[in-house]
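This report concerns only the one structure given below.
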Amino acid sequence: MNTEQKITEQEISNLVDHFYAKVRLDPDIGPIFNAIVGDWPHHLATLKDFWSTVLLTTGRYKGDPMMTHLQLPLDPDHFERWLALFAETATEVLSPDHAAIVIAKSQRIAQNFKAGIAFQHSKTAAQRTL
1 MNTEQKITEQ EISNLVDHFY AKVRLDPDIG PIFNAIVGDW PHHLATLKDF
51 WSTVLLTTGR YKGDPMMTHL QLPLDPDHFE RWLALFAETA TEVLSPDHAA
101 IVIAKSQRIA QNFKAGIAFQ HSKTAAQRTL
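Numbering (the UniProt record's numbering), first residue to last: 1 to 130.
See below:
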């Protein structure tokens, strides 16, 4: 019998709220997100749907996060800062088991985003040389 408790919607909500409070104040990545996000309550609700879909397979999130992030002026250092803040927040607000799960998921997502952005940048650079 599996006695491991699944992460809850309330834990996801708490994680997202605390994490993006830090992001908004961060001198490295805060300006990027604050410049693009006009309606933080709406954006936080979308992010909670995203993480609910990722962690609980609820299917609530219907967007395209890769395309959204391709529009941002992000570089690898920004992703590292995002990951550091995310891991810090996860360990603060979640149990160790749940923190480990969400940190691992966030690292895989960040790797995919970094690869997608690098590909898009190389494609754009190649088109400029034609």
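Built from N, CA and C at the ideal position, the CB exists for glycine as well.
What you are looking at is a predicted structure, and each value in this text was computed from that prediction instead of being measured.
Keeping to the same chain, check which residues put their C-beta closer than 8 Å to that of residue i; ignore five residues upstream and five downstream.
i     : result
Trp40 : Tyr20, Arg24
Leu15 : Trp51, Thr89, Ala90, Val93, Leu94, Val102
Give every residue of the same chain whose Cβ lies closer than 7 Å to the Cβ of residue i, excluding the five residues on either side of it in the sequence, and list them in chain order.
i      : result
Lys114 : Pro76, Phe79
Val54  : Lys105
Give every residue of the same chain whose Cβ lies closer than 6 Å to the Cβ of residue i, excluding the five residues on either side of it in the sequence, and list them in chain order.
i     : result
Val37 : His43
Straight-line CA distance for residue i to residue j?
i     : j     : result
Leu72 : Ala87 : 22 Å
His18 : Leu74 : 22 Å
Ala99 : Asp49 : 18 Å
Gly59 : Pro27 : 33 Å
For residue i, count neighbouring C-beta atoms within 10 Å of its own C-beta (all shown protein chains included) and say buried if the count is 16 or more, exposed if not.
i     : result
Lys6  : exposed
Thr46 : buried
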